[in-house]
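Down below is the structure, laid out as structure tokens.
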């Protein structure tokens, strides 16, 4: 009887499985190599110590008492704590990226991996996943230290006392991690930095969780739903997404540069991203505002719309205007002084003759526009009316700027503004300190922006590494 031929996996499945396995293997080795570095553990300890000093230094910010998730001197603590996480992880990303890629290229060890064969794009992708996992581990630990600092709060007056549970539980998390790392290194030859770092992440999170249940008097508290500060956690999540982008920048730079220059490039891109709105954003859009909105009155407050024909809105301007605001003239408004994110689409001049004639306003043959119905220079009240059903994104809001012309775009600064990662998008501290909720939609947009930026940076790293001589 003829032997049954062995089952063979289709070549495409073998290729896909092998590629996925190679990427995971590279990512795992990169992660282990990153957390084994002494600098990795040292910088995390420095970050934790900095959070302790932040509690002390924030007492001199002359904060004032008010209501909100973060109030008084703790507003300064929020800024300093998040900045500490960003700075420490920026340094970690630069050090780790150069140690696991740039040094491998210099020592020719990357050649042995690529010659397996492992595709260069998969090699870079695995490196990014491994570095990102290591940075995420460090960010979780630093965030837990930061949340412990926020739980402790700033001691603004002499009558404030040290929060015992925060000090005890936070200190135990560090001591247990260091103790187990030293014990395992002495008796079993474990790598101390990797063991201590891996243990410190979950232990610090547990320490913070315990402080939510136990108050400063060592009593079980029922106010944990208040003191856990969800908006601050959202701000930390946004900072972590910024770290994914910084890691991509560090990886792309390390394919061609050494450690010092990689740090310089990462710092430059980071600070340039923080200033991109000021340096590029205001030049990307061009418009001249004529007034600013002080107050808005809608005929029906329950119907927040100005998109239907004949609908009106009355706005009070902050000051008198120098230009004539004649009835029938087109008007625009938006949140930016340069016309960015303008809420009214560009439209031609209205062809009607009477803005008070409902028939003319309903007639689409006259065009679609947002018009001035009337303006009283004494009360500074400006009445707007929709003609023809122009799709206005939203009604005017307090603080909006009023324009009489549509916004124009400057291609060069707009392109540069789009290409440089906008780090200001990840900094939502102002919303928290001003007691504004952070919309879920905004977090989703930031997450999508992060995916696009990471994809661009990893693609750039693959492109730079593709022609790099590693032999």
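Residue numbers (the working numbering): 1236 to 1706.
For every residue, glycine included, the Cβ atom is placed at its ideal position computed from N, Cα and C.
Small disclaimer: the values here were computed from a predicted structure and weren't measured.
Once DSSP output is grouped into helix, strand and coil, what is the label at residue 1525?
strand
Cβ-based neighbour list, residue 1377, same chain, cut-off 8 Å, excluding 5 preceding and 5 following
1279, 1282, 1283, 1286, 1319, 1320, 1323, 1324
Using the three-state DSSP reduction, which class does residue 1547 fall into: helix, strand or coil?
strand
Is DSSP giving residue 1283 helix, strand or coil here?
helix
I want to know whether the stretch 1542-1559 touches the stretch 1569-1583 - three or more CB-CB distances under 8 Å.
no
Could you tell me the alpha carbon to alpha carbon distance between residue 1435 and residue 1293, rounded to whole angstroms?
26 Å
Identify the continuous alpha helix (DSSP H) that holds residue 1362 and give its terminal residues.
DSSP places residue 1362 inside the alpha helix (DSSP H), whose first and last residues are 1355-1387.
For a test of the three-state rule: what should DSSP assign to residue 1600, helix, strand or coil?
Residue 1600 falls in the helix class under three-state DSSP.
List the whole-angstrom C-beta distance separating residue 1607 from residue 1596, where the pair is believed to meet the contact cut-off of C-beta under 8 Å.
At roughly 13 Å, the Cβ-Cβ gap does not stay under 8 Å, so residue 1607 and residue 1596 are not in contact.
Using the rule of at least 16 other Cβ atoms within 10 Å of the residue's Cβ for burial, across every protein chain shown, is residue 1308 buried or exposed?
buried
Spatial neighbours of residue 1469 in its chain, beta-carbon cut-off 6 Å, leaving aside the 5 residues before and after
The answer, listed in chain order, is 1673.
Quick one: Cα of residue 1311 to Cα of residue 1389, how far?
9 Å
From this set, 1333, 1417, 1271, 1314, which residue's C-alpha is nearest residue 1372's C-alpha?
1271
In the DSSP assignment, the beta strand (DSSP E) including residue 1622 goes from what residue to what residue?
Unbroken beta strand (DSSP E) run through residue 1622: 1616-1622.
Indicate the three-state DSSP secondary structure (helix, strand or coil) for residue 1395 in the structure shown.
coil
Heavy atom of the ligand HEM within 7 Å of residue 1591 beta-carbon
The ligand HEM is not part of the structure shown, which contains no ligands of any sort.
Strictly by DSSP, which residues pair up with residue 1611?
1616
Quick one: Cα of residue 1305 to Cα of residue 1488, how far?
37 Å
Identify which residue in 1288, 1531, 1255, 1492 has its Cα closest to the Cα of residue 1637.
1531
Less than 7 Å between C-beta atoms, sequence neighbours within five positions excluded: which residues of the same chain meet that for residue 1367?
These residues qualify, in order along the chain: 1479, 1482.
Return the Cβ separation of residue 1565 and residue 1604 in integer angstroms, given the expectation that the two are a contact with Cβ distance under 8 Å.
Between residue 1565 and residue 1604 a beta carbon distance of about 5 Å is seen, short of the 8 Å cut, so the two are scored as contacting.
Where are the alpha helix (DSSP H) runs, 4 residues long or more, that stay fully inside the stretch 1633-1679, in chain order?
List check, alpha helix (DSSP H) in window: 1646-1654, 1664-1668.
Let me know the secondary structure DSSP gives residue 1339 once reduced to three states.
Three-state result, residue 1339: helix.
Look at residue 1521 and residue 1645 and say whether their C-beta atoms are less than 8 Å apart.
yes
If you draw a straight line from the C-alpha of residue 1354 to the C-alpha of residue 1409, how long is it?
41 Å
If you run the structure through DSSP and keep just helix, strand and coil, what is residue 1683?
Assigned with DSSP and collapsed to three states, residue 1683 falls in helix.
Closest to residue 1742 by C-alpha separation, out of 1639, 1275, 1456, would be which residue?
In this structure the chain extends from 1236 to 1706, so residue 1742 is not present and cannot be described.
Counterpart residues of residue 1520 in DSSP-defined beta bridges:
The beta-bridge partner set that DSSP reports for residue 1520 consists of 1644.
Cβ shell of residue 1275 (< 8 Å), same chain only, five flanking positions each side left out
1269, 1327, 1330, 1331, 1369, 1373, 1428, 1432
Assuming residue 1385 and residue 1495 are in contact, meaning their beta carbons sit under 8 Å apart, how far apart are those beta carbons, in whole angstroms?
Actually they do not touch by this definition, with Cβ atoms about 34 Å apart.
Grab me the residues of residue 1387's own chain with a C-beta within less than 7 Å of its C-beta, minus the 5 sequence neighbours each way, in chain order.
1290, 1398, 1401
How would you call residue 1657, buried or exposed, if buried means at least 16 neighbouring beta carbons within 10 angstroms?
buried
Is the separation between the beta-carbon of residue 1405 and that of residue 1383 shorter than 8 Å?
Inclusion of residue 1405 and residue 1383 in the CB contact set at 8 Å is warranted, their separation being smaller than that value.
Close-in-space but distant-in-sequence residues of the same chain around residue 1517 (CB under 7 Å, 5 per side omitted)
1573
Return the first residue and the last residue of the alpha helix (DSSP H) that residue 1503 is part of.
Residue 1503 -> alpha helix (DSSP H) spans 1494-1511.
Quick one, are the C-beta atoms of residue 1365 and residue 1484 less than 8 Å apart?
no
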